[in-house]
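As numbered in this note's numbering, residues 598 to 858 make up the sequence shown, in order. Let me begin by presenting the structure, written as structure tokens, before commenting on it.
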Amino acid sequence: MMSSAPLVLSTVANKIAYVVMNRPGAMNAMSRAMITELRRALEHAQSNPDVSIIVLSGAGGNFCAGDDLKESEHQSAEDFLALILDLQRLTRLLLMDEKPSIAAMDGYALGGGFELALACDFRVASTRARMGCVEASVGMVITGGTTVLLPQLVGQGMAREIILFADIMEAAVAQRIGLLHRLVEPELLDAEVQALASKMLSRAPLSLRESKRLLNRPLETELERAFQNEIEAIMRCFSTADAHEATVAFREKRPPLFVGK
598 MMSSAPLVLS
608 TVANKIAYVV
618 MNRPGAMNAM
628 SRAMITELRR
638 ALEHAQSNPD
648 VSIIVLSGAG
658 GNFCAGDDLK
668 ESEHQSAEDF
678 LALILDLQRL
688 TRLLLMDEKP
698 SIAAMDGYAL
708 GGGFELALAC
718 DFRVASTRAR
728 MGCVEASVGM
738 VITGGTTVLL
748 PQLVGQGMAR
758 EIILFADIME
768 AAVAQRIGLL
778 HRLVEPELLD
788 AEVQALASKM
798 LSRAPLSLRE
808 SKRLLNRPLE
818 TELERAFQNE
828 IEAIMRCFST
838 ADAHEATVAF
848 REKRPPLFVG
858 K
């Protein structure tokens, strides 16, 4: 029997919207249905006058393991394109809309999950968090504006290493290279996120919104261009033998054998 639990949980308390990706059995991998629910939850949080801060997290000890490769194996090109466009909408909602966002990162934040964290204004991680752009290990490429956001945070050289090596990095490494704003023990993660949110809540709301708008203004054109470039690249990858091999290998629980086609 399929679970009837909502794929995204959303609550509001003390001007903070807590948005939780809720597929713990799949490490919160992003199915199309979950992406749709997440978009709706973020849209509601951004439009809700009772919300000033958005906190994004994952249920069950993981942030988000990225795209659902089981689902990807059977997707048409049209469905896959729609999914990527929705992922880009999530970046816009977290980064470009007016309310500050915090990623509370525990466990794995990989691929599209890592990209969601990059789109947040702040990243707070536990010491057991693991993260990275793993797309090149599954025959895909980065999306979500990562070609703009990641170099802005860590520089071109380190961004190239993260993207082209497609390794999973420990939280301490992410902290050292400037990806994280705070790194704490797992039992302190919620309290640290709350402390950051409370600090912003003590500031003038209109000033925060205008400041975020000013910070984002130089990114607008560059980010939209990146979105288009990323769509073109990932759709070229989607129909390749290597991308298909990656999904089959995932199902068969073995390393993929790439052939460059």
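Cβ atoms here follow ideal geometry from the backbone N, Cα and C, with glycine treated the same way. Computed from a predicted structure; not experimentally measured.
8 Å Cβ cutoff met for residue i and residue j
i: Ala-656; j: Met-702; result: no
i: Tyr-705; j: Ala-662; result: yes
i: Thr-744; j: Leu-684; result: no
i: Phe-677; j: Ala-700; result: no
i: Leu-680; j: Phe-847; result: no
i: Leu-761; j: Ala-733; result: yes
i: Asp-664; j: Met-624; result: no
i: Gly-742; j: Leu-805; result: no
i: Glu-827; j: Val-731; result: no
Beta-carbon contacts of residue i that lie in its chain and below 8 Å, excluding the five residues immediately before and after
i: Val-550; result: Given a span of 598 to 858 for the chain in the structure shown, any question on residue 550 remains unanswerable.
i: Leu-793; result: Ile-699, Phe-719, Val-721, His-778, Arg-779
i: Thr-724; result: Ala-768, Ala-769, Leu-780, Val-781, Glu-782, Pro-783
i: Asp-787; result: Ala-701
Residue burial classification, residue i (beta-carbon count within 10 angstroms, cutoff 16)
i: Ala-602; result: exposed
i: Thr-818; result: exposed
i: Leu-691; result: buried
i: Ser-784; result: Residue identity check: residue 784 is Glu in the sequence provided, not Ser. That one is exposed.
i: Asp-764; result: exposed
i: Ser-649; result: buried
i: Leu-854; result: exposed
i: Gly-857; result: exposed
i: Asp-647; result: exposed
i: Ala-795; result: According to the sequence displayed, residue 795 carries Ser and not Ala. The residue is exposed, with fewer than 16 neighbouring Cβ atoms inside 10 Å.
i: Pro-815; result: exposed
i: Arg-833; result: exposed
Residues of its chain near residue i, where Cβ-Cβ distance is below 6 Å and the 5 sequence neighbours each way are ignored
i: Leu-746; result: Leu-715
i: Ala-756; result: Leu-747, Pro-748
i: Val-735; result: Ala-843
i: Ser-607; result: Val-616, Ala-638
Where residue i falls: helix, strand or coil (DSSP)
i: Glu-827; result: helix
i: Val-845; result: helix
i: Val-721; result: strand
i: Leu-666; result: helix
i: Arg-779; result: strand
i: Gly-752; result: helix
i: Arg-727; result: strand
i: Ile-699; result: strand
Chain-order list of residues whose beta-carbon lies under 7 Å from that of residue i (same chain, five-residue window excluded)
i: Met-631; result: Leu-604, Val-605, Met-618, Arg-620
Flag this pair as touching only if the segment 625-645 and the segment 603-615 have three or more C-beta atom pairs under 8 Å; answer yes or no.
The answer is yes - the segment 603-615 touches the segment 625-645, with three or more Cβ pairs under 8 Å.
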